[in-house]
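Trainee: Heads up: the sequence lines are chains G, B, Z and E, in that order.
Quick note on the numbering used here: the first sequence kicks off at 1 and runs consecutively.
Quick note on the numbering used here: the second sequence kicks off at 1001 and runs consecutively.
Quick note on the numbering used here: the third sequence kicks off at 2001 and runs consecutively.
Quick note on the numbering used here: the fourth sequence kicks off at 3001 and runs consecutively.
Heads up, the beta-carbon is just placed ideally off N, CA and C, and yes, glycines get one too.
Protein chains: 4
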Amino acid sequence: MMAFPPFRRPCGISQQRTAMAATSPTGAPPRSGVAVDPALIDDLVAASRILAAEGVLDGYGHVSMRHPGNPERYLMSRSLAPALVTAEDIMELDLDSNPVDARGRTMFRERFIHGMIFKARPDVMAVVHSHSPAVIPFGITPVPMKPTFHMAGFLYQEPPVFEIRDVAGWTNMLITDNRLGAALADTLGQNPVALMRGHGNVVVGPSVPIAVFRAIYTEVNARLQAAAIAIGGPINYISAEEGAARDKVERDVGRAWELWKRKALGK
Amino acid sequence: MMAFPPFRRPCGISQQRTAMAATSPTGAPPRSGVAVDPALIDDLVAASRILAAEGVLDGYGHVSMRHPGNPERYLMSRSLAPALVTAEDIMELDLDSNPVDARGRTMFRERFIHGMIFKARPDVMAVVHSHSPAVIPFGITPVPMKPTFHMAGFLYQEPPVFEIRDVAGWTNMLITDNRLGAALADTLGQNPVALMRGHGNVVVGPSVPIAVFRAIYTEVNARLQAAAIAIGGPINYISAEEGAARDKVERDVGRAWELWKRKALGK
Amino acid sequence: MMAFPPFRRPCGISQQRTAMAATSPTGAPPRSGVAVDPALIDDLVAASRILAAEGVLDGYGHVSMRHPGNPERYLMSRSLAPALVTAEDIMELDLDSNPVDARGRTMFRERFIHGMIFKARPDVMAVVHSHSPAVIPFGITPVPMKPTFHMAGFLYQEPPVFEIRDVAGWTNMLITDNRLGAALADTLGQNPVALMRGHGNVVVGPSVPIAVFRAIYTEVNARLQAAAIAIGGPINYISAEEGAARDKVERDVGRAWELWKRKALGK
Amino acid sequence: MMAFPPFRRPCGISQQRTAMAATSPTGAPPRSGVAVDPALIDDLVAASRILAAEGVLDGYGHVSMRHPGNPERYLMSRSLAPALVTAEDIMELDLDSNPVDARGRTMFRERFIHGMIFKARPDVMAVVHSHSPAVIPFGITPVPMKPTFHMAGFLYQEPPVFEIRDVAGWTNMLITDNRLGAALADTLGQNPVALMRGHGNVVVGPSVPIAVFRAIYTEVNARLQAAAIAIGGPINYISAEEGAARDKVERDVGRAWELWKRKALGK
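#1: Name, please, each residue of chain B whose Cβ falls closer than 8 Å to the Cβ of G:Leu-84.
#2: If I'm right that E:Pro-3133 touches G:Val-220 with Cβ under 8 Å, what's the distance once you round it to whole angstroms?
#3: Please report whether the beta-carbon of Z:Leu-2224 lies at a distance below 8 Å from any beta-carbon of chain B.
#4: Let me check one thing: in DSSP terms, what residues is Z:Arg-2073 bridge-paired to?
#5: Pair every Cβ in the stretch 3186-3196 of chain E with every Cβ in the stretch 213-231 of chain G, then say whether three or more of these pairs are closer than 8 Å.
#6: Evaluate B:Glu-1110 with the Cβ neighbour count: other Cβ atoms within 10 Å of its Cβ, from every protein chain shown; 16 or more gives buried, anything less gives exposed.
#7: Answer with yes or no whether the minimum CB distance from G:Val-100 to chain E is below 8 Å.
#8: Let me know if G:Thr-106 comes out buried or exposed under the rule of 16 or more other beta-carbons within 10 Å of its beta-carbon.
#9: Less than 8 Å separating the beta-carbons of G:Pro-68 and G:Val-36?
#10: Under a CB-based cut-off of 8 Å, is E:Thr-3026 close to chain Z?
#11: Let me know if Z:Arg-2246 comes out buried or exposed under the rule of 16 or more other beta-carbons within 10 Å of its beta-carbon.
#12: Of all the options B:Leu-1265, B:Ala-1264, B:Trp-1257 and B:Gly-1266, which has the alpha carbon lying nearest to the alpha carbon of G:Leu-80?
#13: Contact between the stretch 197-204 of chain G and the stretch 163-178 of chain G: three or more CB pairs below 8 Å?
#14: At the level of alpha carbons, what is the spacing between Z:Ile-2050 and B:Ala-1053?
#15: Is Z:Glu-2219 close to chain B? Criterion is C-beta to C-beta, closer than 8 Å.
#16: When DSSP builds the beta bridges, which residues end up paired with G:Arg-66?
#17: Out of Z:Gln-2157, Z:Phe-2118 and Z:Ala-2046, which one is the CA nearest neighbour of Z:Ala-2182?
#18: What number of angstroms, rounded off, separates the C-alpha of Z:Arg-2078 from the C-alpha of E:Ile-3216?
#19: In chain order, which continuous runs of the alpha helix (DSSP H) of length 4 or greater are located wholly inside the stretch 2115-2178 of chain Z?
#20: Would you say the beta carbon of Z:Leu-2265 is closer than 7 Å to some non-hydrogen atom of the ligand NAD?
#21: How is Z:Leu-2180 classed by DSSP in three states: helix, strand or coil?
#22: Keeping to the same chain, check which residues put their C-beta closer than 6 Å to that of E:Ala-3240; ignore five residues upstream and five downstream.
#23: Alpha carbon to alpha carbon, how far is Z:Gly-2139 from E:Pro-3234? Give it in angstroms, no decimals.
#24: Check the Cβ of G:Thr-148 against every Cβ in chain E and list those closer than 8 Å, keeping chain order.
#25: Among B:Thr-1086, B:Glu-1088 and B:Arg-1066, which one has its Cα closest to the Cα of B:Asp-1094?
#26: From the DSSP secondary-structure annotation, give me the bridge partner or partners of B:Ala-1194.
#27: Starting from G:Thr-86, trace the alpha helix (DSSP H) in both directions and tell me its first and last residue.
#28: If you check the beta carbons only, do Z:Lys-2261 and Z:Ala-2046 fall under 8 Å apart?
#29: Who are the near neighbours of G:Val-143 in its chain, counting only those whose CB is closer than 6 Å to its CB and skipping five residues on each side?
#30: Whole angstroms are fine: how far does the CA of G:Arg-179 sit from the CA of B:Thr-1148?
#31: According to a CB-to-CB cut-off of less than 8 Å, which residues of the stretch 1234-1251 of chain B neighbour chain G?
#32: If you follow the alpha helix (DSSP H) that B:Tyr-1217 is part of, which residue opens it and which one closes it?
#33: Between the stretch 183-207 of chain G and chain B, which residues of the former have a C-beta closer than 8 Å to a C-beta of the latter?
#34: Under 8 Å, do E:Ile-3238 and E:His-3129 count as touching if we go by C-beta distance?
#35: Could you round the C-beta distance between E:Leu-3174 and G:Val-249 to whole angstroms and report it? I think they count as a contact, below 8 Å.
#36: Under a Cβ-count criterion, where at least 16 other Cβ atoms within 10 Å of its own Cβ denotes burial, should E:Asp-3252 be classed as buried or exposed?
And the structure:
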């Protein structure tokens, strides 16, 4: 029913161009890392569309990946609804969120979330920022998110809640500069997920598929936890030991990733 | 799956005709303003279908825009399920909700909602009336709607609740004349949203996309607020200061608008 | 995505045949009334598919209409999932639910619901029996269904709850004979809706579109009432006076009916 | 929208090959039973896709059937998202969950659930393991699942809850060997359904369609029970006598099965 733009880039060389464009003289703009495997760009595009198809993102929110050839850069769509992203829309930015080769493209105002997390967390290879609907209530009530089932075992590291009022008082709630981005990264600490009060959440992972997996199951877990609370009685959550034991299992998200790609990309 | 009528008007001139039709002699019917840019008609048609696709409207409800060339007129579909509206169905009415050129078309019985709000609120350029399902419970319980997240920051102006019993006693609940429309406009006051007890709500904005944006996020916020209440504990809502700071951000709804159009219109 | 059988009967004459088939000699089977306008059969088929598309029916449940030419007969699909019904599947039955011309077709085991209601209620022209999911909880808790918004105003006549244990003790819950059908019709009385404890509900109306309308908004109202209860506080329901004032408005369901047909039939 | 692989096996003979492949010399791998009717393989493939389409399975979970020609074997997909399963993916395993003819295909890590249940329950012909979302809260709260309506009457045998901590302490929650599978089968006992704390559930039946039917209505019932609890008051559940009386009715699931197949397979 939705006539989205074609998923494949029109010309295979474009990725190469994106990645290598800023081999200009010294000074700004920052020089690119190295060329990016088009299959990895495809994964990033798929991630954007999967998160939209699975209800984690609507017209807003974004997903990024660290540049595979240069840890001081990351890749992210230009400002665009996630369901509409194509490979042509992927831009390269440095960790201060300056574009390598903007070519007139508008960037997300909240890209500083991504840059500052990549800077603070060398282990992180992908970042999702969303307004994941079932999660938002847990950022505005005193009830902490906890893992209700094994698929969300990673939540045994209880997500901290970022309160923008603590660092910036009354704002429009957006993370629009590196100072706010750094404060959010500080709240995230070494966790896989942080909630943002009255806003949404950030989810990180060691790969794009794992970050997507965690973002989706954070949303699912929020629904299940709310349902369990409504049913009543003490809730028997996944323990820290059980959650930690999931770490190794979670590395293998291929089965779900293939399904999500099919559903989101229609192929 | 749905074989809706084509979105584009069959002939570009028809809009012109609609807008200029009533250049007849003095007296009734009221004379039209000036011709309307077909792209604006398209936006109004898109708004109707978007609100249906996003679950704000079902077979009932309607959206209107003030005539861009004549502030004493507004544009609105003939009586038709919102998902089925085409440019050919758009009619021009004066602010007392008399048609400029009815050509036998049936009008919505509750069009007086729109006319009276346009009359009372010169700043308003678009009006949505819906039975937005998650919102209805907040019109029949003592719990006021409040903004749970930044996307619904405009709700910092707490929506008043219109009680038709106060002005008309026992009725069939419909706003079927200008007196009732004026009473509703009076309750709305300077707010962006008013609830209608046991009926639905009205949402207004300075443009069609912004009114649509607010109608959609009023529905989403109602779901999130109900979920937060069910989770329990004091809820940390968006403050008035934060809500007010969203005003400027909200002007830029283009990213979501493009997505919604694609989803609703399939192109 | 669903490759349902074509909606239109393959040959226009088939309806005629169905309706006039049993012009056989005296004795059983009962003789048919008169031929049925194919457009009315189409409405009955559409009703079945609409109720499936709108989530009132799943693989079970059924809708019937009184024979337009013979009030002692009614029309109903053979035993089949509602989404799959075509005009060819419509059978004619007498009010004791004997088939006029079975031609080997299997009938619904619970057809006695329909026959006995048509017998008890001369004003009723259409009957829906469903397991409408949001309604079931109101049949097993002490909380009565009440109208939360004007679209469900007909619920001002509070739906009684049929308890099969009162008339038949421990059963498999099904209405499988005329005695049970009559008991259910007795509980329904002069109301538009009756709940069936641990089973579902029946909805009746003066036409197929109105019965469908009521079945859909009974489901919607159940969702809204549950949401209002969860939000908390005294609930301000539609009053009996307001509900009664809806009777006339409700006669005009054409706007929704056209939409539902488009959605359910894809045309 | 989803471009899933074609449902029909490319070549009719493949099933024959699957079933008869391991007619190799004595020793491992275990020898196959006899050839399987391709229509039964098709049912198993349909079951997998139906459970995905109906929201019982997501990217994870699986369904199996006992080998119709050899009760010491069972049939199950290779490790794959359920919505993507084709007849070519079906493997044969013995009751210790060793493959008859792996041909390099990866198996589900939790296949031991199926093997051990088939071993413990000669009456069981099909097993579903899922993370059925509405059911999970009932496995982590003290509230037992009970049947709210006749379609879920089989739940009159109250589902026991399997606690993996009791048999294995802190784990990654998975049933990855025969010892854990046997413990789960022991908890299941003679019931049709067992919940798995913080994980999901298992549903068994005397045929593939009946196991699918029970898995779907276990999910539906969990939603209805949660809704009834939220509405409040004592809940009038289906009694044991009524539930038991459903046993015979339940054997006839053909009407729903045909619908589900159409929806899941698009034909």
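Mentor: Quick look at the numbers:
#1: The answer, in chain order, is Glu-1258, Leu-1259 and Arg-1262.
#2: Yes, E:Pro-3133 and G:Val-220 are in contact; Cβ-Cβ is about 7 Å, under 8 Å.
#3: Closer than 8 Å to some Cβ of chain B, the Cβ of Z:Leu-2224 qualifies, so yes.
#4: Under DSSP, Z:Arg-2073 forms a beta bridge with Z:Asp-2094.
#5: No, the stretch 3186-3196 of chain E does not touch the stretch 213-231 of chain G.
#6: In summary, B:Glu-1110 is buried, with 16 or more beta-carbon neighbours lying within 10 Å of its beta-carbon over all protein chains present.
#7: Cβ-Cβ to chain E under 8 Å: no for G:Val-100.
#8: Residue burial is scored here from C-beta neighbours: G:Thr-106 has fewer than 16 other C-beta atoms within 10 angstroms and is therefore classed as exposed.
#9: Going by beta carbons, G:Pro-68 and G:Val-36 fall inside the 8 Å limit.
#10: Below a pLDDT of 50, predicted positions are generally treated as unreliable, and E:Thr-3026, at 48, falls in that range; no measurement from the model is reported.
#11: Z:Arg-2246 should be labelled buried.
#12: Taking each of B:Leu-1265, B:Ala-1264, B:Trp-1257 and B:Gly-1266 in turn and checking the Cα distance to G:Leu-80, the smallest one comes out for B:Trp-1257.
#13: As far as the Cβ criterion goes, the stretch 197-204 of chain G touches the stretch 163-178 of chain G, which means the pair count is three or higher.
#14: Distance between the alpha carbons of Z:Ile-2050 and B:Ala-1053: 17 Å.
#15: Not one chain B Cβ lies under 8 Å of Z:Glu-2219.
#16: Beta-bridge pairing links G:Arg-66 to G:Tyr-74.
#17: With distances taken between Cα atoms, Z:Ala-2182 lies closest to Z:Phe-2118.
#18: If I take the Cα positions, the gap works out to 24 Å.
#19: For secondary structure counted as the alpha helix (DSSP H) over 4 or more consecutive residues, the stretch 2115-2178 of chain Z holds these complete runs in sequence order: 2136-2140 and 2164-2168.
#20: The ligand NAD is absent from the structure shown, which contains no ligand whatsoever.
#21: Of the three classes helix, strand and coil, the one that applies to Z:Leu-2180 here is helix, per DSSP.
#22: Around E:Ala-3240: Tyr-3156.
#23: Between E:Pro-3234 and Z:Gly-2139, the C-alpha separation is close to 12 Å.
#24: Those are Ile-3136, Pro-3137, Ile-3140 and Gly-3198, listed as they occur along chain E.
#25: When each option's Cα is compared against that of B:Asp-1094, the closest is B:Arg-1066.
#26: Answer is B:Val-1202, bridged to B:Ala-1194.
#27: That residue, G:Thr-86, is in no alpha helix (DSSP H); it is neither H nor E in DSSP.
#28: Yes. Within cutoff.
#29: The beta carbon of G:Val-143 is closer than 6 Å to none in its chain, skipping five residues each way along the sequence.
#30: Taking the straight line from one Cα to the other gives about 25 Å.
#31: Contacts with chain G (Cβ-Cβ distance below 8 Å) from the stretch 1234-1251 of chain B involve Pro-1234, Ile-1235, Asn-1236, Tyr-1237, Ile-1238, Ser-1239, Glu-1241, Glu-1242, Ala-1245, Arg-1246, Lys-1248 and Val-1249, listed in chain order.
#32: Here the alpha helix (DSSP H) through B:Tyr-1217 covers 1208-1231.
#33: Here the close residues are Arg-197, Gly-198, His-199 and Gly-200.
#34: 8 Å or more divides the Cβ of E:Ile-3238 from the Cβ of E:His-3129.
#35: The C-beta separation of E:Leu-3174 from G:Val-249 comes to about 7 Å, placing the pair in contact by the 8 Å criterion.
#36: Looking at its Cβ environment, which holds fewer than 16 other Cβ atoms inside 10 Å, E:Asp-3252 is exposed.
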